[in-house]
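I have placed the structure first, in the form of structure tokens, so that the comments after it can refer back to it.
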Amino acid sequence: MNKTVIIIGAGFAGINLARKLDPNFFDVLLIDKNNYHQFQPLLYQVATAQIEPTTISFPIRYIFRKDKHISIRLAKALSIDTQEQSIETDNGTFKYDYLVLAMGGKTNFFGHDEISKYAISLKTTMDALEIRNHILENFEAIVNHTYEKNESLYNIVVVGGGPTGVELSGAFAEIKRDILPKDYHSVDFSK
Numbered sequence: 001m002n003k004t005v006i007i008i009g010a011g012f013a014g015i016n017l018a019r020k021l022d023p024n025f026f027d028v029l030l031i032d033k034n035n036y037h038q039f040q041p042l043l044y045q046v047a048t049a050q051i052e053p054t055t056i057s058f059p060i061r062y063i064f065r066k067d068k069h070i071s072i073r074l075a076k077a078l079s080i081d082t083q084e085q086s087i088e089t090d091n092g093t094f095k096y097d098y099l100v101l102a103m104g105g106k107t108n109f110f111g112h113d114e115i116s117k118y119a120i121s122l123k124t125t126m127d128a129l130e131i132r133n134h135i136l137e138n139f140e141a142i143v144n145h146t147y148e149k150n151e152s153l154y155n156i157v158v159v160g161g162g163p164t165g166v167e168l169s170g171a172f173a174e175i176k177r178d179i180l181p182k183d184y185h186s187v188d189f190s191k
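Quick note: the sequence shown uses this note's numbering, first residue 1, plus one each step.
Next comes the structure, spelled out in structure tokens:
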């Protein structure tokens with residue numbers, strides 16, 4: 001009889017592990033709160049309106065459509081009972097032989113949590129859309145007011161110089177040079 005492996009999280013780690021588990025030995029239950037996997041390395045392109053969110057989101061069930069030993073449940077994990085080897089979700093309780101927690105990460109503010117009130121992280125499609133909308137709303141405000149009243153609207157601060165920060169900064173430079181001037185003729189982009 002196969003062992004049951006529950007994997008919580010359908011990001012890169014959860015999906016890759018589910019694919020590698022031998023169907024002759026394991027039945028897999030993949031639990032995620034979303035019905036899609038998002039390709040996070042391209043979130044910066046969604047944030048800068050270079051691609052649409054659907055371009056980087058793939059239905060989890062589609063990914064595993066040929067894998068009969070892998071089941072999918074859309075649910076949020078609520079609690080784990082290690083004695084009973086069960087996990088309670090908002091969609092029922094499930095028993096496991098092995099449990100893997102692969103929920104990803106969250107933005108680290110390095111002990112400065114007050115910053116989170118003013119910052120927009122870039123971990124999800126919703127974050128990317130919030131960044132995109134914020135920037136476009138700023139440019140709408142700029143064209144409706146004078147520069148002196150809205151000098152801060154011209155500023156974008158990217159915190160973090162890892163791959164995402166560098167890609168996002170480069171994409172902002174590209175849209176400042178190539179795209180936004182075509183849409184906002186009255187804006188002085190030298191400012």
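Where is the CB? At the ideal position from N, CA and C, for every residue including glycine. Quantities reported herein were computed from a predicted structural model and do not represent experimental measurements.
The DSSP-derived three-state label of S86 is strand. A check of alpha carbon separations from A47 across H37, F64, S190, I175 identifies I175 as the nearest. The shortest CA-to-CA distance from L78 to any of P181, R132, T89 is the one to T89. Only exposed fits V159, as fewer than 16 other CB atoms lie within 10 angstroms of its CB. Note on I87: 16 or more other CB atoms within 10 angstroms of its CB, so buried under the neighbour-count rule. Judged by DSSP secondary structure, I72 falls within the beta strand (DSSP E) whose first and last residues are 70-74.
Following the DSSP letters along the chain, one finds T125 inside the alpha helix (DSSP H) bounded by residues 125-144. Bounds of the alpha helix (DSSP H) holding G165 are 163-174. Residue pairing for F58: DSSP places it in a beta bridge opposite H37.
The C-beta distance from D97 to T4 rounds to 5 Å, short enough to fall under 8 Å. Here S186 really is in contact with V143; their C-beta atoms are around 6 Å apart, less than 8 Å. I80: member of the beta strand (DSSP E) spanning 77-81, first to last residue. Across the structure, L129 and Q50 are spaced so that their CA atoms are roughly 12 Å apart. Selection Y118, V100, N34 evaluated against Q85 yields V100 as nearest (Cα-Cα). For T124, the closest alpha carbon among the candidates N138, M103, D113 is that of M103.
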